[in-house]
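S.K.: Handing you a structure now.
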Amino acid sequence: MSDNLIRLSKSCIGDAEKRAVMGVLDREYLGMGSEVQQFEEVLSEFFGRPTVCVINGTAALHLSLQACGIGVGDEVLVPSLTYVASFQAISATGAKPVACDINEIYLIDCDDAEKRITKNTKAIMPVHYTGGVGNLDILYRFANKYNLRVIEDAAHALGTVYNSQRVGSFGDISCFSFDGIKNITSGEGGCIVTDDEAILKKARDARLLGVVKDTDKRYLGERSWDFDTTAQGWRFHMSNIMAAIGIEQLKRFPKFAKKRQQLAKQYDNLFSSHLNIHPVPRNYDTVVPHIYVVRIPGINNKSDIKKKLLQKGIMVGYHYQPNHWLNFFQDKKNAPLPITDNIFPELMSLPLHPELTKINVKYVASELIKLIS
Ligand SMILES: *Cc1c(COP(=O)(O)O)cnc(C)c1O
């Protein structure tokens, strides 16, 4: 990759992360142990609720659904405009992801979701697209009305605040991702946040092959020899190497968050006078953005513009190809999703990461404006 290429996203790794990884390697205990326990402690302080660390965000969603008892024959409402991870996590349990349309702020539309309720609907998975959460009061009221579990796909929303409360600090179950480009990274990784003790217990066991209370043993540097297994489990635990990176990243998070918010505000300002570039509307005083997405109504040469921007040293992307377009998740019986179908072709994601400069943002905005004018 060329040095002066403006990347769409990237990890920001410093000496602290490198030293922390070396520390784990020196101690020669690489699996799940004291670093993971410590990462869970600092995350629980951050969220104000218990946290279970796992191998990635997809596993966090999968284990949360499983812990809610969701499986074969069940249906889960989910917006089609999300990373395929949300859909795969649902189908991994044997349940069916029911693709829903979005509202004017690109989040699951509860009115549309309501039309898709059946006797098998057990849960809703709102996706906090770009980091915004919309009106969660309405969402939780809807979920309560139909007795649905709420598994928030909060992969984009680490640090976002709703009604003066951090996402993850309230609600039913929130799942975060720490993959390489998210608001913080642990290499790969993810976590489940909830205060539902039954869910926590099930998730802790299920991440270690369903071995009952294996987590307690490993945090003491021990292993389970005489054990029982009472449910389907997976090898979804986090390693000490990953946790060591995550602990250092969480310390740097306030700076990362501020920078992401500043850059997103700057983009908003630069596009404010441009009639044909509509940023996804977010309030960056409370939203910590993972990606910065604009809608360009009527654009019909998106891949051409993507190519031309790359020639100018700018990487852009599309988040996300709707899941109901994918072969595996097509569902002829599900009603069409006109808003998602119409909007996705007009969406473009612009570079956003904490090492981007104001000069970079100005350059990206001006090159995009030139190309579409
Ligand atoms: C990143 C992401 C996930 C999954 O996280 P991984 O850690 O990559 O498995 C889930 N949903 C959304 C919307 C994401 O962006």
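Position 6 of the sequence shown, counted from 1, bears residue number 223 in the numbering used here, the numbering being contiguous throughout. Virtual Cβ for every residue (Gly too), placed ideally from N, Cα, C.
1. Considering only their Cβ atoms, is the gap separating residue 386 from residue 265 smaller than 8 Å?
2. Exposed or buried, which one is residue 393 when buried takes at least 16 other CB atoms within 10 Å?
3. Would you list the residues sitting across from residue 491 in a DSSP beta bridge?
4. Smallest Cα separation from residue 330: which of 493, 340, 342 and 317?
5. Give a single yes or no on whether residue 275 has its beta carbon closer than 7 Å to a heavy atom of ligand 1.
6. Compute the distance between the beta-carbons of residue 347 and residue 294, then report whether it is under 8 Å.
7. Are the Cβ atoms of residue 296 and residue 367 separated by less than 8 Å?
8. Can you confirm whether the region 544-557 touches the region 478-490 when touching is taken to mean that 3 or more C-beta pairs between the two stretches lie within less than 8 Å?
9. Can you tell me whether DSSP reads residue 275 as helix, strand or coil?
10. Jot down the residue ranges of each uninterrupted alpha helix (DSSP H) in the region 268-337, minimum 4 residues, whole runs only, in chain order.
11. Go through its chain and collect everything with a Cβ distance to residue 275's Cβ below 6 Å, but skip five positions before and after it.
12. Can you grab the Cα-Cα spacing for the pair residue 286 / residue 584, in whole Å?
13. Considering only heavy atoms of ligand 1, does any lie closer than 7 Å to the CB of residue 372?
14. Just the C-alpha distance for residue 522 and residue 340, rounded to the nearest angstrom, thanks.
15. How would you label residue 424, buried or exposed, when you count the other beta carbons within 10 angstroms and need 16 or more for buried?
16. Can you tell me whether residue 564 is helix, strand or coil according to DSSP?
M.R.: Considering the structure as presented:
1. Yes, the Cβ-Cβ distance between residue 265 and residue 386 is below 8 Å.
2. buried
3. Assignment of beta-bridge partners to residue 491 by DSSP yields no partner.
4. 317
5. Yes; taking the cut-off as 7 Å, the Cβ of residue 275 has a heavy atom of ligand 1 nearer than that.
6. no
7. no
8. no
9. helix
10. Runs of alpha helix (DSSP H) with 4 or more residues, each lying fully within the region 268-337, are found at 274-284, 301-309 and 327-332, listed in chain order.
11. 302 and 306
12. Going from the Cα of residue 286 to the Cα of residue 584 covers about 50 Å.
13. yes
14. The alpha-carbon atoms of residue 522 and residue 340 are separated by roughly 39 Å.
15. buried
16. strand
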